[in-house]
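FYI, in my numbering the residues of the sequence shown are 724 to 1012.
Every residue gets a Cβ at the ideal spot worked out from N, C-alpha and C, and that includes glycine.
Here the structure is a predicted model, which is why all the values come from computation and not from measurement.
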Amino acid sequence: MLYRIDNGILEAVIESKGAELKNLRLLKDNEEFMWSGDPEYWGKTSPVLFPFVGGVKNDTYTYRGVEYRGSKHGFARDMEFQVAESSREKVVFKLSSDKKTLENYPFEFEFYITYTLEGSELIMEYRVVNKTSGEIYFSLGGHPAFATPTDEDVEFSDYYLEFEKEEEAKTYTLEGMYIGDKRVDYLEGRRINLKKDTFIEDAIMFEGLASKRVSLKNKKNKRSVTVDYTGFPFIAFWNVPGADYVCIEPWCGIADFAKSNGKIEEKYGIERLTEGEEFSRVLRIQVSL
């Protein structure tokens, strides 16, 4: 089911399956900022990544010596969320552990995603509540795909990513769907100029950048999307080459390394909550023309 919120400036439409953001539109200009979800390239628009980010080695992991099945990017993106609260400018979605999730994820939880409109910003809050008698381990990430519209005057190569600070950073390399041993020099300065083949080898992933904000901009117009990802130690960028979008993906967690031992307790970047604890992270998405 689709849920619509607006504040007179922005309109957001969210689907209850996966609590997935489908549309983000500036009302006065009737300008859409989200990817269309064209299945020829990629049928999603903004899946949530929980309780895993990226690939799980051999689709399995262990906890306290017991083996479980794990899937790339987790199961939340494919599950139906309940609406816990709704108003004109805000909607709260809730996913709770149940018999099905416990079969392959042995932790009880409540997972909330809140969408709130404030001015020209969409605020997305992710909140995990540990309902287990003991600890819970998880990763969490956003995966919004922002449209990069083109026409006879504007090409994909006119778009670029701009960080708030000067950076000198390496990107992780991949071995299949897993993280490799090496990181290679990639980012020097504030800008990544985009090309049709920028993501030909899959996502570009960084850890521990000084910047906490990044913008998707265009050299030929004033169109801009700025994402504040404070509190997320990893950030990735991705698209399917040839498609008119760029994903900006803040993560708390990362895919398994190729040499991972499969123990969730020792997974690199994993988040851990003790009994009764809560975890919260917020993304702020600002759009303008």
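**Asked** Span of the alpha helix (DSSP H) holding THR783?
**Response** In the sequence shown, counting from the first residue as 1, residue 783 sits at position 60. Per DSSP, THR783 belongs to no alpha helix (DSSP H); it is in the beta strand (DSSP E), 783-786.
**Request:** Report the three-state DSSP secondary structure of PHE879 (helix, strand or coil).
**Result:** Walking along the sequence shown from the start, residue 879 turns up at place 156. If DSSP states are grouped into helix, strand and coil, PHE879 belongs with the helices.
**Asked** With a Cβ-Cβ cutoff of 8 Å, do LEU863 and GLU994 count as a contact?
**Response** Taking the first residue of the sequence shown as 1, we reach residue 863 at position 140. Taking the first residue of the sequence shown as 1, we reach residue 994 at position 271. A contact, by the Cβ cut-off of 8 Å.
**Prompt:** What's the gap between the Cα of GLY797 and the Cα of ALA981?
**Reply:** Locating residue 797 in the sequence shown gives position 74, where the first residue counts as 1. Locating residue 981 in the sequence shown gives position 258, where the first residue counts as 1. When rounded, the distance between both Cα atoms is 18 Å.
**Request:** Quick one: using the 10 Å Cβ neighbour count with 16 as the cut-off for buried, is VAL852 buried or exposed?
**Result:** Within the sequence shown, the letter at position 129 stands for residue 852. Buried: at least 16 other Cβ atoms inside 10 Å.
**Request:** Determine contact between the region 998-1010 and the region 941-959, defined as no fewer than three beta-carbon pairs at a distance below 8 Å.
**Result:** yes
**Message:** Helix, strand or coil, according to DSSP, for LEU1012 in the structure here?
**Reply:** Mapped onto the sequence shown, residue 1012 falls at position 289. Looking at LEU1012 - three-state DSSP - the assignment turns out to be coil, as it is neither helix nor strand.
**Request:** Quick one: using the 10 Å Cβ neighbour count with 16 as the cut-off for buried, is SER856 buried or exposed?
**Result:** Taking the sequence shown and counting its residues from 1, one reaches residue 856 at position 133. It counts as exposed.
**Distance, SER739 Cα to MET802 Cα** = The count along the sequence shown starts at 1 and reaches residue 802 at position 79. The count along the sequence shown starts at 1 and reaches residue 739 at position 16. The alpha-carbon atoms of MET802 and SER739 are separated by roughly 8 Å.
**Message:** Across the region 933-944 and the region 881-898, are there enough close Cβ pairs to call them in contact, namely three or more that are closer than 8 Å?
**Reply:** yes
**Request:** Figure out for me which residue from CYS975, LEU825 and VAL877 has the closest Cα to the Cα of ASP967.
**Result:** The residue you call residue 967 lines up with position 244 of the sequence shown. Of the candidates CYS975, LEU825 and VAL877, the one whose C-alpha sits nearest the C-alpha of ASP967 is VAL877.
**Asked** In terms of residues, what are the limits of the beta strand (DSSP E) holding ASN853?
**Response** Within the sequence shown, the letter at position 130 stands for residue 853. First-last of the beta strand (DSSP E) with ASN853: 844-853.
**Rounded straight-line distance, which links the Cα of TYR909 to that of ILE915** = What you label residue 915 is simply residue 192 of the sequence shown in a count that begins at 1. What you label residue 909 is simply residue 186 of the sequence shown in a count that begins at 1. In a straight line, the C-alpha of ILE915 is about 9 Å away from that of TYR909.
**Message:** Below 8 Å, how does it come out for the region 804-823 and the region 789-796: are there three or more Cβ pairs, yes or no?
**Reply:** no
**Request:** To the nearest angstrom, report how far apart ILE846 and GLU989 are at their CA atoms.
**Result:** The residue labelled residue 846 in the question sits at position 123 within the sequence shown. The residue labelled residue 989 in the question sits at position 266 within the sequence shown. Computed Cα separation, rounded: 32 Å.
**Message:** Strictly by DSSP, which residues pair up with GLY912?
**Reply:** Here residue 912 refers to the residue found at position 189 when the sequence shown is read from its first residue. According to DSSP, GLY912 bridges with GLU890.
**Message:** Between which residues of its own chain and TYR764 is the CB-CB distance below 6 Å, once the five residues before and five after are set aside?
**Reply:** Here residue 764 refers to the residue found at position 41 when the sequence shown is read from its first residue. Within the same chain, TYR764 has close Cβ partners VAL963 and ALA966.
**Message:** Taking the straight line between their C-alpha atoms, what separation do you get for GLY976 and PHE929?
**Reply:** For this step, residue 976 is matched to residue 253 along the sequence shown. For this step, residue 929 is matched to residue 206 along the sequence shown. About 12 Å.
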